[in-house]
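Using the numbering used here, the letters of the sequence shown correspond one by one to residues 1 to 236.
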Amino acid sequence: MSAAGAGIGRASALAMAREGATVHATDIDAGALDTLAQMHENLRCSVLDVTDAGQVAAFAEAAPAPDVLFNCAGFVHDGTILEASDADWERTFALNVRAMGRMIELFLPRMVENGGGSIINMASVASSLKGVTRRCIYSASKGAVLGLTKSVAADFIREGIRCNAICPGTVLTPSLKARMAAGGDYDAAYAAMLDRQPTREMASPEDIAGMVVYLASDESRVATGQGFVVDGGWSL
Numbered sequence: 001m002s003a004a005g006a007g008i009g010r011a012s013a014l015a016m017a018r019e020g021a022t023v024h025a026t027d028i029d030a031g032a033l034d035t036l037a038q039m040h041e042n043l044r045c046s047v048l049d050v051t052d053a054g055q056v057a058a059f060a061e062a063a064p065a066p067d068v069l070f071n072c073a074g075f076v077h078d079g080t081i082l083e084a085s086d087a088d089w090e091r092t093f094a095l096n097v098r099a100m101g102r103m104i105e106l107f108l109p110r111m112v113e114n115g116g117g118s119i120i121n122m123a124s125v126a127s128s129l130k131g132v133t134r135r136c137i138y139s140a141s142k143g144a145v146l147g148l149t150k151s152v153a154a155d156f157i158r159e160g161i162r163c164n165a166i167c168p169g170t171v172l173t174p175s176l177k178a179r180m181a182a183g184g185d186y187d188a189a190y191a192a193m194l195d196r197q198p199t200r201e202m203a204s205p206e207d208i209a210g211m212v213v214y215l216a217s218d219e220s221r222v223a224t225g226q227g228f229v230v231d232g233g234w235s236l
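What follows is the structure in structure tokens.
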């Protein structure tokens with residue numbers, strides 16, 4: 001799995017390890033992985049930049065064939081289409097879409113050889129599912145993730161591959177906290193985020209990790225090609 005150093009990725013790595021899985025967790029943050037590795041004996045941590053094709057190829061060659069592949073790495077660009085540079089477009093799609101596709105390209109054949117498995121992609125309610133202000137590039141990339149998910153599911157269903165996406169709403173991750181603080185008034189930003197939640201509470205990374213565990217397990221064996229919305233009713 002990617003992006004295991006913090007937030008949803010970290011919570012999911014721990015949740016799967018606690019269920020008995022051997023988790024090969026990756027991130028670009030070596031320090032975060034060092035602390036994660038100490039939290040459960042089933043965690044195997046490796047530094048990996050999923051936008052670096054050479055690093056990903058080397059990691060895929062060294063890692064065992066997985067039963068589950070969880071693509072969690074992503075970047076949130078803040079702005080409308082008029083506030084997006086070519087570099088913003090390229091960075092967002094390189095991380096949110098192409099890196100995910102590359103991980104699938106390298107691991108999927110080995111999963112097929114191993115008898116099948118579950119691929120889980122991190123999408124978002126901010127995608128083709130819901131228009132969200134100041135999330136233009138991010139939403140475009142996450143819409144692409146949903147298309148990628150359905151395509152892989154359709155192409156490899158008879159080879160025993162399931163491919164699903166998770167579509168969170170507002171999750172109180174370290175990344176979100178940093179973006180709220182960057183605006184200069186954390187309390188006001190938090191209140192604005194909370195105001196859009198029908199449940200009047202923020203989701204936690206652990207709330208999403210439960211869905212990751214479900215899609216990784218045989219309990220979801222007939223689920224494929226779907227985007228599972230976990231947003232506290234935001235998209236209703």
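We treat Cβ as the ideally placed atom computed from N, Cα and C, and that holds for glycine.
{"Query": "Considering only their Cβ atoms, is the gap separating A17 from L43 smaller than 8 Å?", "Result": "yes"}
{"Query": "When the Cβ atoms of the stretch 132 to 145 are set against those of the stretch 86 to 94, are three or more pairs found closer than 8 Å?", "Result": "yes"}
{"Query": "So F59 is in the alpha helix (DSSP H); what residue range does that whole segment cover?", "Result": "53 to 62"}
{"Query": "By a C-beta neighbour count over all protein chains shown, 10 Å radius and 16 as the cutoff for buried, is G210 buried or exposed?", "Result": "exposed"}
{"Query": "According to DSSP, which residues form a beta bridge with T26?", "Result": "S46"}
{"Query": "Where do the N-terminal and C-terminal ends of the beta strand (DSSP E) with R238 fall, by residue?", "Result": "Summary: the structure shown does not reach residue 238, with the chain confined to residues 1 through 236, and so no result is reported for it."}
{"Query": "Among V222, R98, R134, whose alpha-carbon lies nearest the alpha-carbon of R162?", "Result": "V222"}
{"Query": "Would you report the Cα separation of R134 and L106, rounded to the nearest angstrom?", "Result": "33 Å"}
{"Query": "Could you check how far apart the C-beta atoms of S118 and V68 are, in whole angstroms? I think they sit under 8 Å.", "Result": "5 Å"}
{"Query": "On the DSSP letters alone, give me the boundaries of the alpha helix (DSSP H) that G101 sits inside.", "Result": "99 to 113"}
{"Query": "Whose CA, out of E219, D27, L176, A123, lies closest to the CA of Q55?", "Result": "D27"}
{"Query": "In whole angstroms, what is the alpha-carbon distance linking P198 and L108?", "Result": "38 Å"}
{"Query": "Report buried or exposed for T80, applying the criterion of at least 16 other Cβ atoms within 10 angstroms of its Cβ.", "Result": "exposed"}
{"Query": "Just verifying my parser: in three-state terms, what is the DSSP assignment at R135?", "Result": "strand"}
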